[in-house]
Amino acid sequence: MKIGIITATYLPSRNGVATSTALFVRGLRERGHEVRVFAPRHPLMPAREDGVYRLNSSFLGARALGAPADYPVLLAPGPLLTSRLPLRDLDVLHTMHPFLAGGLALKWSRLSGAPVVFTAHTQYDEYLHYTPMPPRLGRAMLRPHVSAFARRVDAVLAPGRAMVQMLHGYGYSGHVELFPNPVDLAAFQAADGSAFRAEHHIPLDAPLVMYLGRLAPEKNLEVMIRAFDQARASRPELRLLVVGDGPSRLSAARDAPEGVRFTGPVPYARVPEALAAADAFLTASTSEVLPMSMIEALAAGAPLVAAHSPAALDLIGEGINGTVREATPQALADGLLFALHPNRLGALQAGARASAARYDLPQRAQALEEVYERVRAGHRRQKA
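The opening residue of the sequence shown carries number 7 in our numbering; numbering runs sequentially from there.
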């Protein structure tokens with residue numbers, strides 16, 4: 007198949023949508039498909055990218071629109087650029103966004119006659135605080151737009167149950183297929199975290215807790231760090247590495263207690279070794295859908311200690327690969343001590359690795375191929 011993927015974020019941007027999209031591109035190409043990626047220009051993008059077509063973008067409006075600093079805002083291509091893009095022979099279009107990228111997918115579908123698949127990745131309501139408009143107004147504009155967009159495409163996918171519920175709450179009554187993100191399981195199974203520990207002065211025998219991801223207000227970092235501090239009162243040998251960057255990094259690092267170290271961001275190629283260094287993964291976020299970092303932590307054998315969230319309920323088997331607790335410092339501290347108990351940790355780590363198998367890239371890429379084949383067949387029947 008000739009597959010067109012239209013995304014508002016792609017590598018080298020660092021976020022879950024960019025990472026999962028790039029993994030699916032790799033997996034589909036390994037299955038013999040031609041994948042063309044249409045993504046915004048990025049100042050750090052490689053000089054040559056096979057099969058990637060960069061569209062105009064701007065960093066100037068990113069903050070006003072609520073986008074992270076490493077998330078250039080996609081701009082609509084003009085007629086001249088559009089005429090130069092390889093669109094007319096596409097068999098299927100897949101977009102990760104219901105806004106401009108989604109609008110392009112629908113427009114390009116009319117050029118190519120290809121069906122459109124939409125993956126809803128984001129609980130958009132949770133990010134309205136980044137935008138300059140009042141949340142009530144934002145919700146009033148956002149919900150009908152997303153619902154209307156979902157009704158216009160040929161298939162709607164969602165990585166977690168929270169997204170399914172969100173779409174139905176927005177007024178979309180059609181079918182939403184639960185479709186988890188992938189992980190490169192082999193890279194995490196082979197990773198060794200000893201060098202990462204040494205780099206950050208963590209003894210090999212010290213129980214290491216890790217958070218890896220974006221450092222932003224919605225991640226509830228203050229509760230996470232207080233939870234770690236309370237757990238450390240019972241086990242002073244505990245250490246916490248906070249890996250990543252974002253608007254909350256400086257304030258969280260300034261107020262961090264003893265035993266906590268902020269590493270800053272790491273290249274994605276080092277994420278497997280970073281997570282392999284951890285004994286457990288801790289998060290206090292309550293807004294997660296199905297973040298790549300939590301799936302990757304499982305793949306690296308780090309059980310999850312997570313605040314009650316849609317992602318936690320989707321990913322965690324209680325006492326098998328982690329534990330779900332209320333989003334309070336004391337509850338998460340108790341969960342951390344539960345997971346790190348020497349008589350329990352080994353079984354939880356084995357459970358984490360086993361539970362990650364269902365997210366392995368070859369399986370997820372095959373499943374996506376089957377979605378594409380199904381929508382193509384349905385599209386042909388509609389046109390017949």
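Just so it is clear, CB atoms sit at the ideal spot from N, CA and C, and this is done for glycine as well.
Just so you know, these numbers come straight off a predicted model, no measurement behind them.
- Relative to residue 7, the option among 387, 374, 322 and 389 whose CA is nearest is 374.
- One alpha carbon belongs to residue 283, the other to residue 198, and they sit about 7 Å apart.
- When the alpha-carbon of residue 362 is set against those of 304, 248, 78 and 317, the nearest one is in 304.
- Separation of residue 53 and residue 358 (C-alpha to C-alpha, rounded to the nearest whole angstrom) is 38 Å.
- Apart from sequence neighbours up to five positions away, the residues of its chain that approach residue 108 with a beta-carbon distance below 6 Å are 101 and 155, ordered along the chain.
- DSSP, read as helix, strand or coil, puts residue 216 in strand.
- Residue 103 holds the alpha-carbon nearest to the alpha-carbon of residue 128 among 103, 346 and 118.
- If you ignore the 5 residues before and after residue 222, its C-beta comes within less than 6 Å of the C-beta of 252, 253 and 254, all in its own chain and listed in chain order.
- Here the region 183-190 makes no contact with the region 211-219; the two share fewer than three CB pairs at distances below 8 Å.
- Taking each of 23, 264 and 339 in turn and checking the Cα distance to residue 296, the smallest one comes out for 23.
- Within its own chain, the residues whose Cβ lies closer than 7 Å to the Cβ of residue 64, once the five positions on either side in sequence are excluded, are 78, 79 and 81, listed in chain order.
- Per the coordinates, the alpha-carbon of residue 170 lies some 43 Å from the alpha-carbon of residue 209.
- Taking 8 Å as the cut-off, the Cβ atoms of residue 191 and residue 61 do not count as close.
- Checking the DSSP bridge columns, you'll see residue 312 partnered with 289 and 330.
- Straight-line measurement puts the Cα of residue 327 at about 39 Å from the Cα of residue 158.
- Under the DSSP definition of a beta bridge, residue 267 partners with 247.
- Residue environment analysis places residue 336 among the exposed positions, since fewer than 16 neighbouring C-beta atoms fall within 10 angstroms of its C-beta.
- Within the region 78-142, the runs of alpha helix (DSSP H) that reach at least 4 residues and sit entirely inside it are, in chain order, 85-90 and 106-118.
- By the CB criterion at 8 Å, residue 320 and residue 220 fall outside the cutoff.
- In the structure shown, residue 17 falls within a coil segment according to DSSP collapsed to helix, strand and coil.
- In the three-state reduction of the DSSP assignment, residue 366 falls in the strand class, which pools E and B.
- Counted as a single uninterrupted DSSP element, the beta strand (DSSP E) harbouring residue 10 occupies residues 8-12.
- Separation of residue 39 and residue 97 (C-alpha to C-alpha, rounded to the nearest whole angstrom) is 11 Å.
- Between the alpha carbons of residue 226 and residue 10 lies a gap of roughly 36 Å.
- Here DSSP, grouped into helix, strand and coil, assigns residue 183 to strand.
- With fewer than three CB-CB distances shorter than 8 Å, the region 235-245 does not count as touching the region 272-281.
- Taking C-beta separations shorter than 6 Å and ignoring five residues to either side along the sequence, the partners of residue 307 in its chain run 355, 358 and 359, following chain order.
- DSSP places residue 283 in the coil class of the three-state scheme, outside both helix and strand.
- The criterion of a C-beta distance shorter than 8 Å is not satisfied by residue 95 and residue 122.
- With a beta-carbon spacing of about 15 Å, residue 378 and residue 188 fall beyond the 8 Å limit used to define contacts.
- By the Cβ neighbour-count rule, residue 352 is exposed, with fewer than 16 other Cβ atoms within 10 Å of its own.
- Residue nearest to residue 57 within the set 37, 350 and 32 is 32 (criterion: CA-CA distance).
- Judged by DSSP secondary structure, residue 41 falls within the beta strand (DSSP E) whose first and last residues are 40-46.
- Apart from the 5 residues on each side of it in sequence, residue 45 sits with its Cβ closer than 6 Å to the Cβ of 13 and 16 in its chain, given in chain order.
- For residue 164, the enclosing beta strand (DSSP E) covers residues 161-164.
- Leaving aside the five residues that flank residue 163 on each side, the residues in its chain whose CB is nearer than 6 Å to its CB run, in chain order, 125, 183 and 185.
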